[in-house]
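For reference, the structure is listed below as structure tokens.
There are 2 protein chains.
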Amino acid sequence: MSESEVNSVISEANLKEFDWDHFKYERILSNNSSRKVVFILGSCFEMPAIVILEKISFTQEQFTTENDKENFIRNSKLEKIFKNDIYENNYCIVDANLNKMKTTIIFPATEKHINKYTEQECFTFQETPELYEKITLPHITSEKFTVDWVYNVLEHKKEKDRIIIEDLDSEIGFMLLPDLKWDGETKETLYVTAIIMNRNIKSIRELRQKHLPLLENVKTKSLQAIKEKYGLDSTQVRAYFHYQPSYYHLHVHFNYLNYDSPGIYCDKAHLLDTVINNIKLMSNYYEKATLNFVVRKNDKLYSLFSDAKN
Amino acid sequence: MSESEVNSVISEANLKEFDWDHFKYERILSNNSSRKVVFILGSCFEMPAIVILEKISFTQEQFTTENDKENFIRNSKLEKIFKNDIYENNYCIVDANLNKMKTTIIFPATEKHINKYTEQECFTFQETPELYEKITLPHITSEKFTVDWVYNVLEHKKEKDRIIIEDLDSEIGFMLLPDLKWDGETKETLYVTAIIMNRNIKSIRELRQKHLPLLENVKTKSLQAIKEKYGLDSTQVRAYFHYQPSYYHLHVHFNYLNYDSPGIYCDKAHLLDTVINNIKLMSNYYEKATLNFVVRKNDKLYSLFSDAKN
Numbered sequence: 116m117s118e119s120e121v122n123s124v125i126s127e128a129n130l131k132e133f134d135w136d137h138f139k140y141e142r143i144l145s146n147n148s149s150r151k152v153v154f155i156l157g158s159c160f161e162m163p164a165i166v167i168l169e170k171i172s173f174t175q176e177q178f179t180t181e182n183d184k185e186n187f188i189r190n191s192k193l194e195k196i197f198k199n200d201i202y203e204n205n206y207c208i209v210d211a212n213l214n215k216m217k218t219t220i221i222f223p224a225t226e227k228h229i230n231k232y233t234e235q236e237c238f239t240f241q242e243t244p245e246l247y248e249k250i251t252l253p254h255i256t257s258e259k260f261t262v263d264w265v266y267n268v269l270e271h272k273k274e275k276d277r278i279i280i281e282d283l284d285s286e287i288g289f290m291l292l293p294d295l296k297w298d299g300e301t302k303e304t305l306y307v308t309a310i311i312m313n314r315n316i317k318s319i320r321e322l323r324q325k326h327l328p329l330l331e332n333v334k335t336k337s338l339q340a341i342k343e344k345y346g347l348d349s350t351q352v353r354a355y356f357h358y359q360p361s362y363y364h365l366h367v368h369f370n371y372l373n374y375d376s377p378g379i380y381c382d383k384a385h386l387l388d389t390v391i392n393n394i395k396l397m398s399n400y401y402e403k404a405t406l407n408f409v410v411r412k413n414d415k416l417y418s419l420f421s422d423a424k425n
Numbered sequence: 116m117s118e119s120e121v122n123s124v125i126s127e128a129n130l131k132e133f134d135w136d137h138f139k140y141e142r143i144l145s146n147n148s149s150r151k152v153v154f155i156l157g158s159c160f161e162m163p164a165i166v167i168l169e170k171i172s173f174t175q176e177q178f179t180t181e182n183d184k185e186n187f188i189r190n191s192k193l194e195k196i197f198k199n200d201i202y203e204n205n206y207c208i209v210d211a212n213l214n215k216m217k218t219t220i221i222f223p224a225t226e227k228h229i230n231k232y233t234e235q236e237c238f239t240f241q242e243t244p245e246l247y248e249k250i251t252l253p254h255i256t257s258e259k260f261t262v263d264w265v266y267n268v269l270e271h272k273k274e275k276d277r278i279i280i281e282d283l284d285s286e287i288g289f290m291l292l293p294d295l296k297w298d299g300e301t302k303e304t305l306y307v308t309a310i311i312m313n314r315n316i317k318s319i320r321e322l323r324q325k326h327l328p329l330l331e332n333v334k335t336k337s338l339q340a341i342k343e344k345y346g347l348d349s350t351q352v353r354a355y356f357h358y359q360p361s362y363y364h365l366h367v368h369f370n371y372l373n374y375d376s377p378g379i380y381c382d383k384a385h386l387l388d389t390v391i392n393n394i395k396l397m398s399n400y401y402e403k404a405t406l407n408f409v410v411r412k413n414d415k416l417y418s419l420f421s422d423a424k425n
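One line per chain: the protein sequences are A and B, in this order. Okay, so the first sequence: first residue is 116 according to the numbering used here, each after it adds one. Okay, so the second sequence: first residue is 116 according to the numbering used here, each after it adds one.
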């Protein structure tokens, strides 16, 4: 189904909520077997739906709680596979309520979502300032990537009860929320995002010296809130931007340093500290810098940058 | 309990099998929240036991099977957390028998097992140019980290038959070799390292404008060799330095872009392209920059930088 076809029936589909009992499995888009996440494409009421199932990591609380009904060990049994000397392998069968999975539903899903979650080969390109002006910027503008869901958050229309802290200043303000990928509780996988109030900064590419107060404000207040609320010291937190970002409204990712969160690779993630330092060293750093970024083969930017190279 | 004490009671313990109902939880040794594996220390009949619980990855069969009792979708239900626009988050509660965990038991466990599975927490620090001079450089010098094995390679005393390409120029030369972590064959996990001939550059911290010809030479010739020998285009290769590096003799890591190789995180890996670009933008970038780095708690630099912070 094309994107326009999808859009034309979205109003109708909005009337219907996603219903798991009506979900029809179609195919696996990708399956990360080390992280135990699967991205499934299917349909619901004839509209495409993506279901992301992710097993949840363990918490200390599960093993230490004195509530018998919530104690992992008291509500599980072992099924022996084999034993060799001091080593033995088992399956562990756990009460279903103590072994939930995180499930994200995208409904109705568009071609873009399907592409995003389909496993594909990656390629790296160098974006010079000239290529940004000539290719990336027109691409962002013409594709009209919607950030309505960001505005819903910033206007308190959605997710208001999820806000960790907010600073409503239009220049240096931001809202800090748990990331969609986080369950909102487990310290070990902490992942929160600061969304900037200013609607005119698409990405780090547009950051200049005048934005230093904004960056410092986001850094200081977010780290302080993470410390107060989740007990993580600033030395235990990774704060970074993505380039290219998944949506072109400036935001900062924060997660627990010990957690190998997705998207923290050096060819995608730019540390907030480094960005601040670069601008301090050279006020027009992001106007002059050549920035590497990684795209997948069926991303529009792949063909645009491939053509420019040849 | 010491290793000898453990050994002295092993014969007695061998009479008793591990019993989950008698397992007493003591503490979590480590918890890998991205891979969803937890290493637990406890005891059983007063003997130390390690329990390794690992969630299992998804299989296509779970979603396609026509056996109703084994079908994931038909044996699970969703519990809504919140909904925003086309995105909604749920918990998924699955029949316990379709959601088993892999469980390895080590019983009785020794001190060695306990050490092996104990996690070291990571911390991030900002190394200003002043802190580099005051702490890092004296640390590198005083600890006399040996790089003899590097010199053995550069002098053709060791690993000569493993060299992929070499350029013996003392200023811009280097040798390219398969990394020890690579099997030397599988394209999907390609990992090769360029070791610089020049013995006077400890790390990126010492790179200056005069080193640009060296960096460009390593980049061009290595990428060309990787293309000719392993069929990977330069757009499919990730080239980067580590900071702090594991040894203080300048070297560049190259691996296949699709491969989540260890040590490619943004708080450790610095892209070769970015390093070249930074020096072109500002010839003394690495003399002036504040560089973030990550250390584990029992690393000497952890205590040195902690003390400096307080």
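Quick reminder that beta carbons are idealized off the backbone N, C-alpha and C, glycines included.
Asked: Inter-stretch contact at 8 Å, needing at least 3 Cβ pairs: the segment 366 to 378 of chain A / the segment 291 to 308 of chain A; Found: yes
Asked: Neighbourhood of L144(A) by C-beta, 6 Å cutoff - its chain only, sequence neighbours within 5 removed; Found: F154, L156, Y232 and T233
Asked: Segment limits, beta strand (DSSP E) that includes Q175(A); Found: Careful: Q175(A) lies outside any beta strand (DSSP E), inside the alpha helix (DSSP H) at Q175 to T179.
Asked: Cβ separation of C207(B) and L168(A), assumed to be a contact under 8 Å, to the nearest whole Å; Found: 6 Å
Asked: Inter-stretch contact (C-beta, 8 Å, three-pair minimum) for the segment 342 to 362 of chain B and the segment 338 to 353 of chain A; Found: no
Asked: Paired residues, beta bridge with D169(B) - DSSP; Found: Asp is not the amino acid found at residue 169(B); the sequence shown has Glu there. Its beta-bridge partners are V152(B) and K217(B).
Asked: Minimum C-alpha distance to T174(B) - residue among R189(A), S148(A), R314(A) and M162(A); Found: S148(A)
Asked: Alpha-carbon spacing of T179(B) relative to N186(B), whole angstroms; Found: 7 Å
Asked: Where the segment 144 to 164 of chain A meets chain B: residues whose CB sits under 9 Å from a CB there; Found: N146, N147, S148, S149, R150, K151, V152, V153, I155 and G157
Asked: Contacts that K273(A) makes with chain B (C-beta to C-beta distance below 7 Å); Found: N199
Asked: Helix, strand or coil at V410(A) [DSSP, three-state]; Found: strand
Asked: Limits of the beta strand (DSSP E) - the one that V268(A) falls within; Found: Unbroken run through V268(A) is the alpha helix (DSSP H), D263 to L269; no beta strand (DSSP E).
Asked: Chain-ordered residues of the segment 347 to 362 of chain B with a beta carbon less than 7 Å from chain A; Found: T350, Q351, R353 and Y355
Asked: Secondary structure, beta strand (DSSP E): runs of 3+ residues fully inside the segment 251 to 328 of chain B; Found: 280 to 282, 289 to 293 and 306 to 311
Asked: Residue range of the alpha helix (DSSP H) that includes K227(A); Found: E226 to Y232
Asked: Residues of its chain near P360(B), where Cβ-Cβ distance is below 6 Å and the 5 sequence neighbours each way are ignored; Found: S318
Asked: Residue burial classification, W264(B) (beta-carbon count within 10 angstroms, cutoff 16); Found: exposed
Asked: Rounded C-alpha distance that separates T225(A) from E236(A); Found: 21 Å
Asked: Closer than 7 Å to chain B by CB, K170(A); Found: yes
Asked: Distance between N313(B) and A423(B) (C-alpha atoms, nearest Å); Found: 32 Å
Asked: N- and C-terminal bounds of the alpha helix (DSSP H) containing A211(A); Found: That residue, A211(A), is in no alpha helix (DSSP H); it is neither H nor E in DSSP.
Asked: Contact set for F138(B): own chain, Cβ-Cβ below 8 Å, skip 5 residues either direction; Found: G157, S158, C159, A164 and V166
Asked: Terminal residues of the alpha helix (DSSP H) in which L416(B) lies; Found: K415 to K424
Asked: Distance CB(F356(A))-CB(H385(A)) smaller than 7 Å; Found: yes
Asked: Contact set for S376(B): own chain, Cβ-Cβ below 7 Å, skip 5 residues either direction; Found: Y306 and N370
Asked: Range covered by the beta strand (DSSP E) that runs through K403(A); Found: Per DSSP, K403(A) belongs to no beta strand (DSSP E); it is in the alpha helix (DSSP H), Y400 to K403.
Asked: Beta-bridge partners of L193(B), as assigned by DSSP; Found: C207(B)
Asked: Q175(A) at chain B interface by Cβ criterion, 7 Å; Found: yes
Asked: Stretch-stretch touch, CB-based, cutoff 8 Å, three pairs: the segment 190 to 199 of chain B with the segment 265 to 274 of chain A; Found: yes
Asked: For M216(A), the nearest candidate out of I171(B), L292(B) and K325(B) (CA to CA); Found: I171(B)
Asked: Short CB-CB distance (under 7 Å) between M290(B) and chain A; Found: no
Asked: Bounding residues of the beta strand (DSSP E) (the contiguous stretch that carries T239(B)); Found: C237 to E242
Asked: K395(B): first and last residue of the uninterrupted beta strand (DSSP E) it sits in; Found: Element bounds for K395(B): not the beta strand (DSSP E) but the alpha helix (DSSP H), L387 to L396.
Asked: Inter-residue spacing [alpha-carbon to alpha-carbon] between Y247(A) and C381(B); Found: 22 Å
Asked: Listed by chain order, chain B residues near Q241(A) by CB distance under 8 Å; Found: D388
Asked: Contact list for E236(A) against chain B, beta-carbon separation under 7 Å; Found: N373
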